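Under the numbering used here, residues 1 to 700 are what the sequence shown spells out, in order. Structure, as structure tokens:
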Amino acid sequence: MMNRFTLILCGLALGACSSVDNTLTSPDGNVSLSFGLTSEGQPEYSVTFLGEQIIKPSTMGFDLKDAAPLTSGFKIDKVTHSQADETWTPVWGENSEIRNHYNTMTVSMSQKDGDTVRKMDIEFRVYDDGAAFRYIFPEQETKQFVITDELTQMAMGGDYTAWWIPGDYDTQEYEYTRSLLSEIRGLSTKDQMNNVSQSVFSPTGVQTSLMLKTPSGKYLNLHEAALIDYPAMHLNLNDTTMTFTSWLTPSPDGTKATFHTPFKTPWRVIMAGDEATDILATDIIYNLNDPCALDDTSWIHPTKYMGVWWEMITGKSSWAYTDTENFDLATFDYSKAKPNGRHGANNANVRRYIDFAADNGFDQLLIEGWNTGWEDWFGKEKDFVFDFVTPYPDFDIKALNEYAKSKGIKLMMHHETSGSIPNYERHLDQAYDLMNHYGYNAVKSGYVGNILPKGQNHYSQASVRHYLDAVKKAADKHIMVNAHEAVRPTGLARTYPNLVGNESAMGTEYQNMSPAHVTILPFTRLKGGPMDFTPGIFEMDLSFAPGNTEHKRATIANQLGLYVTMYSPLQMAADMPEHYAKKMDAFQFIRDVPVDWSESHYIDAEPGEFIIAVRKDKNSDNWFAGGVTNADARDTNLKLDFLTPGSTYEATIYADASDAHFDTNPEAYIITKQQVTSADTLPIHMAPGGGFAISFVIEE
Numbered sequence: 001m002m003n004r005f006t007l008i009l010c011g012l013a014l015g016a017c018s019s020v021d022n023t024l025t026s027p028d029g030n031v032s033l034s035f036g037l038t039s040e041g042q043p044e045y046s047v048t049f050l051g052e053q054i055i056k057p058s059t060m061g062f063d064l065k066d067a068a069p070l071t072s073g074f075k076i077d078k079v080t081h082s083q084a085d086e087t088w089t090p091v092w093g094e095n096s097e098i099r100n101h102y103n104t105m106t107v108s109m110s111q112k113d114g115d116t117v118r119k120m121d122i123e124f125r126v127y128d129d130g131a132a133f134r135y136i137f138p139e140q141e142t143k144q145f146v147i148t149d150e151l152t153q154m155a156m157g158g159d160y161t162a163w164w165i166p167g168d169y170d171t172q173e174y175e176y177t178r179s180l181l182s183e184i185r186g187l188s189t190k191d192q193m194n195n196v197s198q199s200v201f202s203p204t205g206v207q208t209s210l211m212l213k214t215p216s217g218k219y220l221n222l223h224e225a226a227l228i229d230y231p232a233m234h235l236n237l238n239d240t241t242m243t244f245t246s247w248l249t250p251s252p253d254g255t256k257a258t259f260h261t262p263f264k265t266p267w268r269v270i271m272a273g274d275e276a277t278d279i280l281a282t283d284i285i286y287n288l289n290d291p292c293a294l295d296d297t298s299w300i301h302p303t304k305y306m307g308v309w310w311e312m313i314t315g316k317s318s319w320a321y322t323d324t325e326n327f328d329l330a331t332f333d334y335s336k337a338k339p340n341g342r343h344g345a346n347n348a349n350v351r352r353y354i355d356f357a358a359d360n361g362f363d364q365l366l367i368e369g370w371n372t373g374w375e376d377w378f379g380k381e382k383d384f385v386f387d388f389v390t391p392y393p394d395f396d397i398k399a400l401n402e403y404a405k406s407k408g409i410k411l412m413m414h415h416e417t418s419g420s421i422p423n424y425e426r427h428l429d430q431a432y433d434l435m436n437h438y439g440y441n442a443v444k445s446g447y448v449g450n451i452l453p454k455g456q457n458h459y460s461q462a463s464v465r466h467y468l469d470a471v472k473k474a475a476d477k478h479i480m481v482n483a484h485e486a487v488r489p490t491g492l493a494r495t496y497p498n499l500v501g502n503e504s505a506m507g508t509e510y511q512n513m514s515p516a517h518v519t520i521l522p523f524t525r526l527k528g529g530p531m532d533f534t535p536g537i538f539e540m541d542l543s544f545a546p547g548n549t550e551h552k553r554a555t556i557a558n559q560l561g562l563y564v565t566m567y568s569p570l571q572m573a574a575d576m577p578e579h580y581a582k583k584m585d586a587f588q589f590i591r592d593v594p595v596d597w598s599e600s601h602y603i604d605a606e607p608g609e610f611i612i613a614v615r616k617d618k619n620s621d622n623w624f625a626g627g628v629t630n631a632d633a634r635d636t637n638l639k640l641d642f643l644t645p646g647s648t649y650e651a652t653i654y655a656d657a658s659d660a661h662f663d664t665n666p667e668a669y670i671i672t673k674q675q676v677t678s679a680d681t682l683p684i685h686m687a688p689g690g691g692f693a694i695s696f697v698i699e700e
């Protein structure tokens, strides 16, 4: 059993015998963590929240290649306690200031392996809304460790309710399932997304960020923070004991991670809240990352953009310039190719988008399919497909950038790597230099397909290293990065705020997802950082594209509400200009809503059911509110006590019509205006699959 009270330490390193506390409590006393060694000398911890043991005694350690495991025989050399209370200012975010207040304990341990003494420390931090720990390998006689398994356990206190997606080394593009932990095995084989790259590893494996609810009504979330030069962690459930064990993404040789000392692993994080909104509001993941590493961040800015994208996703137009296939890109002469007549990134169409974006106050325009290679790449696992610098014949990169500049718009670059990391790394310098030459300051990168070289996965150590290296190199060139299909974020945007967005989840391109999906993502995927979800679809019947029989399962008011409920400094108006032109009154909210905030509050929420949030513009005294619901209609009363007392606001309310429904009448909405103060309450109706959005403009 673990000694939960006091460790009696004697040794020359301490100078004398002393009594050392091995418990750690949050500043407000609500969270408590206990640590000790089992009778075999294995590290073990547990966590209590508001008197309930949410993590039962859970062991820690590693299996190593060609060496004894780090799972027994440890002795504690030293335990140090300290505390921190600081406030830092993010470059962009949900709030203009973030408090980082915690108590910390570092346990320094050693283990004998023959004549070699191996050292391993564990650093714990406890916050008012959770706990975290990481392993630290100080400089020592053993210079390199090769991890074959990380054995960190998280033993649940019961058969909790979970919102989960399958453990997968290559994709998070799944819809979430709500079930008891004991039901995961039976549900893991149900029909899931047929992604172009999938590697499900276990019938009880799940991905983080994992949202949980205890039978007593407490909310938990398991994730990791500061994922640097280490494989992404999944969780594998023993559904007899309800114990999760960390499951790292493997390298091609079957090992999980190789590192040299000194080294720190990512943090393993347990977030806890008495209300669902506590999980939405916590900043633990960001706080566990290092401060900003960039001396100059003046060039980094939140961005609202449009794109030549949705018409390709729906099938109205094509990424490719010609229908020719199976050719050698290095020798193919595009000037002699027959255009297919469906290429979306052509000069005339791009100018049309530039005009609309400029007329409506947008910052940037993304153009996909501008560069050669799209005819011969999808799913073919070819090392060289794209060079990221050669435009198609009908895309005049110089003239279009000059035209955009004349309209006050910047173009956003697109780099689809086709999963070939070596090819992208060979071309990255010249690709970023081309962007600098033409004035691009943001790139959407993509990693569709299996990762090359073969045997690597999207979330393995080498791939994780690549994603961050690309962000660092982009920072040197003053380029912001929006990475799609990359590893899920773990708060690194605090350290490298030019990482303005990721995808790493099922987004709008999955056109008919469940309405519940957007009520779960802020509890899961968004805990590590913002998502480029690409909201704002107004034309729900997608038959405008040849052969497309799908429809978007959301109301227009729902799409507007997402700009508030799903925070991102990078927000897209994803639909096409001609669809917005039909509903300019509703489009006004997208024009008005900011992408940077000074203050944010989550009013009410339940994962899988609904979310209601309010935010204050960083650059004015105006507020914005938004809500989304699942397939159930919902009525609520929104108290306006977040508004400045004594001030009057004009509220413009974008709501579902009384007969709106995500399946049968998705485009029915009403817009009303009224004067309000902080003493008022607004009744709100959300239709099935619906939502609402409100702008509160202060009156002088």
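Don't be surprised by glycine CBs; every beta carbon is placed ideally from N, CA and C. Everything numeric in this text was worked out from a predicted model, so none of it was measured.
Contact check, residue i vs residue j, beta carbons under 7 angstroms
i: Gly736; j: Pro215; result: Because the chain spans 1 through 700 in this model, residue 736 falls outside it and cannot be assessed.
i: Phe263; j: Phe137; result: yes
i: Leu570; j: Asn498; result: no
i: Ser695; j: Phe587; result: no
i: Gly449; j: Ser199; result: no
i: Leu180; j: Thr161; result: yes
i: Phe388; j: His427; result: yes
i: Phe133; j: Phe124; result: yes
i: Asn548; j: Gly315; result: yes
i: Thr519; j: Phe610; result: yes
i: Ser246; j: Glu150; result: yes
i: Ile397; j: Ala357; result: no
i: Leu248; j: Met233; result: yes
i: Ala613; j: Ala276; result: no
Environment of residue i [buried if 16+ CB atoms lie within 10 Å]
i: Asn22; result: buried
i: Pro522; result: buried
i: Trp706; result: In the structure as shown, the chain starts at 1 and stops at 700, and residue 706 therefore has no counterpart that could be examined.
i: Lys75; result: exposed
i: Ser445; result: buried
i: Glu325; result: exposed
i: Gly341; result: exposed
i: Gln675; result: exposed
i: Gln83; result: exposed
i: Ala693; result: buried
i: Asp28; result: exposed
i: Ser463; result: buried
i: Met480; result: buried
i: Leu14; result: With a pLDDT of 33 at Leu14, under the threshold of 50, the predicted position of this residue should be treated as unreliable, though the coordinate-derived value follows. Under this definition Leu14 is an exposed residue.
i: His458; result: buried
i: Ile8; result: For Ile8, the pLDDT reaches just 31, beneath the cut-off of 50, and the residue's location in the model is therefore unreliable, although a value from the coordinates is still provided. Result: exposed.
i: Ala330; result: exposed
i: Met584; result: exposed
i: Glu578; result: exposed
i: Ser129; result: A quick correction: the sequence has Asp, not Ser, at residue 129. That one is buried.
i: Lys338; result: exposed
i: Asn436; result: exposed
Whole-angstrom C-beta distance between residue j and residue i, which should lie under 8 angstroms
i: Glu699; j: Thr648; result: 5 angstroms
i: Val126; j: Ser26; result: 5 angstroms
i: Tyr447; j: His414; result: Actually they do not touch by this definition, with Cβ atoms about 13 angstroms apart.
i: Ala320; j: Glu368; result: Contact doesn't hold; Cβ gap of about 11 angstroms is too wide.
i: Met566; j: Leu526; result: 7 angstroms
i: Thr265; j: Tyr102; result: 18 angstroms between Cβ atoms; not a contact.
i: Leu33; j: Ala131; result: 5 angstroms
Self-check item: Contained beta strand (DSSP E) runs [length at least 3] in the segment 130-170, N- to C-terminal order
Solution: 130-137, 144-150, 153-156 and 161-164
Quiz item: Do three or more CB pairs link the segment 91-111 to the segment 587-604 at distances below 8 angstroms?
Solution: yes
Quiz item: Does the segment 484-503 come within contact of the segment 524-542, defined as at least 3 CB pairs closer than 8 angstroms?
Solution: yes
Quiz prompt | Stretch-stretch touch, CB-based, cutoff 8 angstroms, three pairs: the segment 681-691 with the segment 554-561 | solution = yes
Self-check item: Length-filtered (3 minimum) beta strand (DSSP E) runs lying within the segment 186-210
Solution: 205-207
Quiz item: Are there three or more Cβ pairs, one per stretch, closer than 8 angstroms when the segment 222-232 is compared with the segment 489-498?
Solution: yes
Quiz item: Can we say the segment 53-61 touches the segment 33-45, given the rule of at least three CB pairs closer than 8 angstroms?
Solution: yes
Quiz prompt | Every unbroken alpha helix (DSSP H) within the segment 310-335, with a cutoff of 4 residues, ordered by chain | solution = 310-313
Exercise. Output the residue ranges of the beta strand (DSSP E) runs that lie fully inside the segment 475-562 and measure 3 residues or longer, sorted by chain position.
Key: 480-484 and 499-502
Practice problem: Please determine if the segment 389-397 and the segment 317-337 are in contact, where contact requires at least 3 C-beta pairs separated by less than 8 angstroms. | Solution: yes
Quiz item: Considering only residues of the segment 237-271, which uninterrupted beta strand (DSSP E) runs meet the minimum length of 3 residues and lie entirely inside it, listed in chain order?
Solution: 243-248 and 257-260
Quiz item: In the segment 47-122, which residue ranges form an unbroken beta strand (DSSP E) of at least 3 residues, counting only runs that do not cross its ends?
Solution: 52-59, 62-64, 74-88 and 98-113
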